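Q: Before anything else, here's the structure in question.
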Ligand SMILES: [Zn+2]
Ligand SMILES: [Zn+2]
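Residue numbers (this note's numbering): 12 to 839.
Structure follows, in structure tokens:
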């Protein structure tokens, strides 16, 4: 057995792949000597330039660049379908993706067998679509009712996902700022080359596809006729379904002597169904003779009336009036109102609603929506709460009750997944509406093998443990988003709230949906927390770390108003490129900069010369506001201008946050002897190579960084979404390490408790852990086989130089032994 195979054999039990990696490196060199070229992917682990090149390519994206895909199946089907035949789909419905509640906003999904549409895409829309299986990859049209972050905040994440999935194009319709918004977004998303984005501003004429024709109706704020600024224009959409073909009446056709049952009938059926007459054997056949009448296409209208300043313009709008009181041959089946209660209370608006007539249904989406959206988030938190009720507090309700309008029209309030069907039959459908039953979640957990025993054991151990010396409640850390790259149902993307005292809070990163997470965590207290947040640190410009910022700013402004507190600007610490994005959005889309004072993150690096007086003053303000000794940043190894930060409080504690990074010496230096290190651990052990490609850390690497720092405690977060519920534990987990979950709340006094929760967590997620372990074993086995295959190849090339062929047999035996020992390991 050669040295390589020997190592594989005897060093197998513990972290096989890291051994493999070391050997691959050594081996790479010997292959280079032999003149054998390696595939580039493998060389990444070997050469510095490979890493740098990949990191450059990933400057703009937090996601793995995917190989070009084959054309998606639904696109192929669509291309095959004959165009020009606009005679309607058989199934069409609208479905509430987000019902307008404060934590998720309003978004509407429209389904036909030919097309999928989305109306508005605020933060969190993609996450809900993922949770509720509304296929994002099928979207080909997004309609936006207004250029406002509430409607467009989820677009960057959504478009990145469409690009990653291989969707070739998507059209965006709505307000005139859409193109500028997409241009601004490229500051951090990169060029989005693979995804062709067509923009149809409201001034474009109607748009028609296989399902419907859509008319855009610009509506200007009452006093500002023809001003197209973001806050004085909304766009309503009148969507007219294509008429549905009549049914071909076979018996009648036979009576008329038509060639039923032969090929010759095909063009006749197509023509009469399309409403055309045909001549058969000299005789004219009218469509009504052999077909049931064509069904006119229903109409639905999607309309946002953000406040009363738009009411008159809406009620007087001619295009909309044309669809009222039976004036149009196409009946309006449904009007969707994205409208607060204050507007619904308005008499003019009420009367206008009535003018659609009794056959029209009205769907209302606003903050009074009586519904839960993020069901899985509630489920996991309810179950974690059984393990520790303080560290995993129950989620709050985030419904804000305005006085409800009394309406005389037929209306229904939006609920998550509520459907209104146009075809085959007009009707409401409630069969999939999200319904939450917390006691079911509890029962489900209690019935898991070993769960109750582990929870009891954990409680006994905790009861027997002497309380921590540190009884301070603050600083308190609330993990709001602990997943990487894409917001998913269980883990949202990066954000951590640090409550330094009962009145001072700070956000470390702010991925899409951070505000929604805050709402679900704090319920009606969210406004107080928002007013406490005086600073936000953004580590780098990947979308999973900053696209939640605007919602925080806008909702924070509302919070000051609703609590009658004087408004104060937020201090934003982040990379310079982030400022470019803010400026562009502010200039072209919506005013946002009045909320912010910016401290470039590089100005807080050790020994940086700050020449700018304003920046100096702002840093001073940051220190004073939070009673800080120091707020320091350092560059980390991720993309260009990625920072970590170090917060040192006057009372002596020190919290270090890594942002995204590979193991980084500068971070270790900066974080020496910290009280708490919050470090990313995107990938499991054994995926070191992938971690290098993606410039992230594995679990053990993150722990190692903390140990080198001499951190008192290490919290791991930013897990790849493949570890949705729980990451895989590595051998070097110890009493100083904890794993973060969304909505987990800790303070320093919990350091002793957190590692003791692990057995109960393992029992709760046993099935998932088993699945992940199985995947890992399969992967390791594959890697070993690959390595042995290479070994064989190498021996083969040596054979030609005189090595005996018996080695090949030995390889096979080794391989078999490997399989056996692998099986033993699994069984033990
Ligand atoms: Zn990143
Ligand atoms: Zn990230």
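Heads up, the beta-carbon is just placed ideally off N, CA and C, and yes, glycines get one too.
None of these values were measured; they are calculated from a predicted model.
For residue 546, list the residues DSSP reports as bridge partners.
A: Residue 546 sits at position 535 when you count from the first residue of the chain shown. Answer is 517 and 582, bridged to residue 546.
Q: Excluding the 5 residues flanking residue 479 on each side, which residues of the same chain have their C-beta closer than 6 Å to its C-beta?
A: On the chain shown, position 468 is the one that residue 479 refers to. Around residue 479: 760 and 763.
Q: Taking the DSSP output, what are the residues bridged to residue 295?
A: As a position in the chain shown, residue 295 is number 284, starting the count at 1. BP columns for residue 295 point to 290.
Q: In whole angstroms, what separates the C-alpha of residue 186 from that of residue 800?
A: Mapped onto the chain shown, residue 186 falls at position 175. Mapped onto the chain shown, residue 800 falls at position 789. Answer to the nearest angstrom: the Cα atoms are 58 Å apart.
Q: Restricting to Cα atoms, I'd like to know which of 644, 431 and 531 is closest to residue 612.
A: Position 601 of the chain shown, counting from 1, holds the residue named residue 612. Of 644, 431 and 531, the residue nearest in Cα terms is 644.
Q: Drop a sphere of 10 angstroms on the beta-carbon of residue 157, count the other beta-carbons inside from all chains shown, and report buried for 16 or more, exposed for fewer.
A: To locate residue 157, count along the chain shown from 1; it is residue 146. By the neighbour-count rule (16 or more Cβ atoms within 10 Å), residue 157 is buried.
Q: In terms of residue numbering, what span does the beta strand (DSSP E) encompassing residue 439 cover?
A: Along the chain shown, one-based indexing puts residue 439 at 428. Counting along the chain, the beta strand (DSSP E) containing residue 439 begins and ends at 438-440.
Q: For residue 574, is the classification buried or exposed, using 16 other Cβ atoms within 10 angstroms of its Cβ as the cut-off for buried?
A: Position 563 of the chain shown, counted from the first residue, corresponds to residue 574. Classification for residue 574: exposed.
Q: When you compare only the Cα positions, how much space is there between residue 182 and residue 135?
A: In the chain shown, residue 182 corresponds to position 171, counting from 1. In the chain shown, residue 135 corresponds to position 124, counting from 1. Rounded to the nearest angstrom, the two C-alpha atoms are 20 Å apart.
Q: Just checking residue 650 against ligand 1 - is the residue's beta carbon closer than 8 Å to any of the ligand's heavy atoms?
A: Working through the chain shown from its first residue, we reach residue 650 at position 639. Yes.
Q: Across which residues does DSSP place residue 345 in a beta bridge pair?
A: The residue you call residue 345 lines up with position 334 of the chain shown. Its beta-bridge partners are 311 and 372.
Q: Counting beta carbon pairs with one atom in the region 418-430 and one in the region 557-565, are three or more of them shorter than 8 Å?
A: The answer is no - the region 418-430 does not touch the region 557-565, with fewer than three Cβ pairs under 8 Å.
Q: Below 8 Å, how does it come out for the region 425-435 and the region 475-491: are there three or more Cβ pairs, yes or no?
A: With the cut-off at 8 Å, the region 425-435 and the region 475-491 do not touch.
Q: Please list, in chain order, all residues of the same chain as residue 250 whose beta carbon is under 6 Å from its beta carbon, the five residues on each side excluded.
A: Counting from one through the chain shown, the residue named residue 250 turns up at place 239. 223, 225 and 311, listed in sequence order.
Q: Just to confirm the assignment, what range does the alpha helix (DSSP H) spanning residue 115 have?
A: Start at 1 with the first residue of the chain shown, and residue 115 comes out as number 104. Run containing residue 115: none; DSSP gives neither H nor E here.
Q: Measuring straight from C-alpha to C-alpha, what distance separates residue 299 and residue 267?
A: Here the question's residue 299 lines up with position 288 in the chain shown. Here the question's residue 267 lines up with position 256 in the chain shown. Straight-line Cα distance between these residues: approximately 13 Å.
Q: Residue 494 bridges to which residues according to DSSP?
A: Here residue 494 refers to the residue found at position 483 of the chain shown. In the DSSP output, where bridge partners are listed per residue, residue 494 has 504 and 730.
Q: At a cut-off of 8 Å, would you count residue 143 as near ligand 1, judging by its Cβ distance to the nearest heavy atom?
A: On the chain shown, position 132 is the one that residue 143 refers to. It does not: the Cβ of residue 143 is nowhere closer than 8 Å to a heavy atom of ligand 1.
Q: Examine the Cβ distances between the region 375-382 and the region 737-746 and report whether three or more of them are shorter than 8 Å.
A: Too few Cβ pairs lie closer than 8 Å, so no.
Q: State the start and end residues of the unbroken alpha helix (DSSP H) segment that holds residue 532.
A: Translated into the one-based positions of the chain shown, residue 532 becomes position 521. Here the alpha helix (DSSP H) through residue 532 covers 525-533.
Q: Taking only the alpha-carbon atoms, compute the straight-line gap between residue 468 and residue 729 and give it to the nearest angstrom.
A: Residue mapping note: residue 468 aligns to position 457 of the chain shown, counting from 1. Residue mapping note: residue 729 aligns to position 718 of the chain shown, counting from 1. Distance between the alpha carbons of residue 468 and residue 729: 29 Å.
Q: Assign residue 694 to one of two classes, buried (16 or more other C-beta atoms within 10 Å of its C-beta) or exposed (fewer than that).
A: Here the question's residue 694 lines up with position 683 in the chain shown. Flag for residue 694 reads buried.
Q: Can you give me the start and stop residues for the alpha helix (DSSP H) that residue 281 sits inside?
A: Residue mapping note: residue 281 aligns to position 270 of the chain shown, counting from 1. From DSSP, the alpha helix (DSSP H) with residue 281 extends over 276-284.
Q: For the alpha helix (DSSP H) that contains residue 844, what are its first and last residues?
A: Outside the displayed range of the chain (12 to 839) lies residue 844, so it cannot be described from this structure.
Q: Where does residue 315 land, buried or exposed, given buried means 16+ other C-beta within 10 angstroms?
A: If you number the chain shown from 1, residue 315 lands on position 304. The residue is buried, with at least 16 neighbouring Cβ atoms inside 10 Å.
Q: Assuming residue 125 and residue 221 make a contact with CB atoms under 8 Å, what is their CB distance in whole Å?
A: Counting from one through the chain shown, the residue named residue 125 turns up at place 114. Counting from one through the chain shown, the residue named residue 221 turns up at place 210. The pair is a contact, with the Cβ atoms about 4 Å apart (cut-off 8 Å).
Q: What residue range does the beta strand (DSSP E) around residue 222 cover?
A: Here the question's residue 222 lines up with position 211 in the chain shown. No beta strand (DSSP E) contains residue 222, which DSSP labels as neither H nor E.
Q: Could you compute how far the alpha carbon of residue 548 sits from the alpha carbon of residue 615?
A: Along the chain shown, one-based indexing puts residue 548 at 537. Along the chain shown, one-based indexing puts residue 615 at 604. Going by the C-alpha atoms only, they are around 11 Å apart.
Q: Can you find a heavy atom of ligand 2 that lies under 8 Å from the Cβ of residue 505?
A: One-based indexing of the chain shown puts residue 505 at position 494. Yes, the Cβ of residue 505 comes within 8 Å of a heavy atom of ligand 2.
Q: Per DSSP, residue 248 is paired with what?
A: Numbered from its first residue, the chain shown carries residue 248 at position 237. Answer by DSSP bridge pairing, in chain order: 227 and 313.
Q: Give me the Cα-Cα distance between residue 621 and residue 648, rounded to the nearest whole angstrom.
A: Taking the first residue of the chain shown as position 1, residue 621 is located at position 610. Taking the first residue of the chain shown as position 1, residue 648 is located at position 637. Roughly 24 Å between the two C-alpha positions.
Q: For a quick check, are the C-beta atoms of residue 757 and residue 765 less than 9 Å apart?
A: Sequence index remark: in the chain shown, residue 757 carries index 746 (1-based). Sequence index remark: in the chain shown, residue 765 carries index 754 (1-based). A contact, by the Cβ cut-off of 9 Å.
Q: Restricting to Cα atoms, I'd like to know which of 367, 341 and 322 is closest to residue 355.
A: Taking the chain shown and counting its residues from 1, one reaches residue 355 at position 344. Comparing Cα-Cα distances from residue 355 to each of 367, 341 and 322, the minimum goes to 322.
Q: Please classify residue 258 as buried or exposed, where buried requires at least 16 neighbouring CB atoms within 10 angstroms.
A: Start at 1 with the first residue of the chain shown, and residue 258 comes out as number 247. The residue in question, residue 258, is exposed, as its Cβ has fewer than 16 Cβ neighbours within 10 Å.
Q: What does the Cβ neighbour count give for residue 272, buried or exposed, with the cut at 16 atoms within 10 Å?
A: Counted from its first residue, the chain shown places residue 272 at position 261. Classification of residue 272: exposed, given that the 10 Å Cβ count is below 16.
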